[in-house]
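Right, one structure below, let's go through it.
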Ligand code: UD1
């Protein structure tokens, strides 16, 4: 079962799961995605995933899905609200959606013999790390937003539930910054309104939908003054979920709850990303430097050694190829 399976990371993960031989049931309320994503997944893989339009807050609806598909053995839980700014405006909505959905799933898993869950966590749990690259052992810092707090609390909910003796296994994947689109350009990120994240803003500016990209700050303590992130290809990220799911099914876990950073290990600044986009696409980007964005972390990138060694997973797609995929996707939209 893939909750949020018609969303950005979810849809790419459904494709990778199907291509690895898994049968997938998507559960999504379509609050921030479109039903035709299911058609596009089918176009890529040749297999139509089962789709149930159910909100994970609807425990009875979710229970009915588990009853309809008694062979579900694992859950990958993407379904969540994810806009940082909106979470500051509507904190209760974020706590209700993101915490309630997970709690419903966890309650239903043992009842339906579901062995494991993979949870979409975020490097946001580290705040501004004291040591870079950041490892999974780094301290969790106070969340900058209700959205970030839901990731932290959800990690704790899973840990506490397992510690209480629940018969489930879990892998928490802490994503860095997922970008790019499937090479077929049949699925990708569909931002709602004005994009808040860098790459959709870049591609929309290049397409002429936005007039100019604002680079938020060039006075940070980084080589070129702009913020540094670890941008990971969404297809590489999707593959990490397949490997993690297999690890649960094959009982390879060292602990009932395991945590992995999912990043490339390379920090890239905003200005470097803009330059790489121009090189990859040949399109000149209209941008200007503006003031810092409130709440931004100065620099963060992953130490992905644990995922590399323990999962045998690497993110190896070059940045320019990833940005070319994002551009190809944008060109299909506009
Ligand atoms: C943000 C969230 C993070 C969340 C992730 C996924 C914050 C502090 N973090 O990550 O918790 O998991 O989104 O939604 O909000 N930038 C520009 N111009 C733009 C947009 C972005 O210069 O128009 C810069 C930002 O300042 C940042 C970098 O690009 O340095 C990446 O920004 P973004 O894509 O929003 O991701 P994060 O802020 O890293």
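In my numbering, the protein residues as written are 56 to 389.
Where a beta carbon is used, it is the ideal one built from N, C-alpha and C, also for glycine.
None of these values were measured; they are calculated from a predicted model.
Return the chain-ordered list of same chain residues with a C-beta closer than 6 Å to the C-beta of residue i, the five sequence neighbours on each side being excluded.
{"i": "residue 288", "result": "235, 372 and 377"}
{"i": "residue 199", "result": "350"}
{"i": "residue 124", "result": "80"}
Considering just the uninterrupted stretch of the beta strand (DSSP E) at residue i, what are its terminal residues?
{"i": "residue 129", "result": "129 to 132"}
{"i": "residue 375", "result": "Run containing residue 375: none in the beta strand (DSSP E); it sits in the alpha helix (DSSP H), 374 to 388."}
{"i": "residue 142", "result": "Counting along the chain, residue 142 falls outside any beta strand (DSSP E), though it belongs to the alpha helix (DSSP H) covering 139 to 144."}
{"i": "residue 102", "result": "First-last for residue 102: undefined, no H or E at that position."}
So is residue i buried or exposed if we call it buried at 16+ other beta carbons inside 10 Å?
{"i": "residue 242", "result": "buried"}
{"i": "residue 131", "result": "buried"}
{"i": "residue 165", "result": "exposed"}
{"i": "residue 381", "result": "buried"}
{"i": "residue 119", "result": "exposed"}
{"i": "residue 284", "result": "buried"}
{"i": "residue 341", "result": "exposed"}
{"i": "residue 389", "result": "exposed"}
{"i": "residue 95", "result": "buried"}
{"i": "residue 385", "result": "buried"}
{"i": "residue 73", "result": "buried"}
{"i": "residue 110", "result": "buried"}
Output needed for residue i: all residues of its chain with C-beta closer than 8 Å, excluding positions within five of it in sequence on either side, in chain order.
{"i": "residue 129", "result": "56, 169, 170, 171, 172, 173, 300, 303 and 304"}
{"i": "residue 61", "result": "81, 83, 85, 88, 89, 90, 92, 93 and 106"}
{"i": "residue 353", "result": "183, 275, 276, 277, 282 and 283"}
So what's residue i in DSSP terms, helix, strand or just coil?
{"i": "residue 298", "result": "helix"}
{"i": "residue 232", "result": "strand"}
{"i": "residue 314", "result": "strand"}
{"i": "residue 242", "result": "coil"}
{"i": "residue 283", "result": "strand"}
{"i": "residue 256", "result": "helix"}
{"i": "residue 114", "result": "helix"}
{"i": "residue 202", "result": "helix"}
{"i": "residue 155", "result": "helix"}
{"i": "residue 354", "result": "strand"}
{"i": "residue 390", "result": "Absent from the structure is residue 390, since the part of the chain shown begins at 56 and ends at 389."}
{"i": "residue 61", "result": "coil"}
{"i": "residue 227", "result": "strand"}
{"i": "residue 219", "result": "coil"}
{"i": "residue 360", "result": "helix"}
How would you write the range of the alpha helix (DSSP H) that residue i sits in, first residue to last?
{"i": "residue 85", "result": "Taken as a continuous stretch (DSSP letters only), residue 85 belongs to no alpha helix (DSSP H), as it is neither H nor E."}
{"i": "residue 180", "result": "Run containing residue 180: none; DSSP gives neither H nor E here."}
So, for residue i: in the same chain, excluding its five sequence neighbours on each side, which residues have a beta-carbon less than 7 Å away from its beta-carbon?
{"i": "residue 281", "result": "270, 272, 273, 275, 324, 325 and 326"}
{"i": "residue 292", "result": "64, 230, 233 and 317"}
{"i": "residue 379", "result": "335 and 336"}
{"i": "residue 137", "result": "202"}
Under the assumption that residue i contacts residue j (Cβ atoms under 8 Å), give the Cβ distance between them as a whole number of angstroms.
{"i": "residue 67", "j": "residue 121", "result": "About 24 Å separates the two Cβ atoms, so there is no contact after all."}
{"i": "residue 401", "j": "residue 254", "result": "Outside the shown range of the chain, which is 56 to 389, sits residue 401, and nothing can be said about it."}
{"i": "residue 160", "j": "residue 112", "result": "About 11 Å; that fails the 8 Å criterion."}
{"i": "residue 71", "j": "residue 339", "result": "Not quite, the Cβ-Cβ distance comes to about 34 Å (not below 8 Å), so this is no contact."}
{"i": "residue 320", "j": "residue 184", "result": "The Cβ separation is near 14 Å, so there is no contact."}
{"i": "residue 206", "j": "residue 176", "result": "5 Å"}
{"i": "residue 286", "j": "residue 202", "result": "About 19 Å separates the two Cβ atoms, so there is no contact after all."}
{"i": "residue 193", "j": "residue 181", "result": "5 Å"}
{"i": "residue 298", "j": "residue 178", "result": "Contact flag wrong, Cβ pair sits at about 19 Å."}
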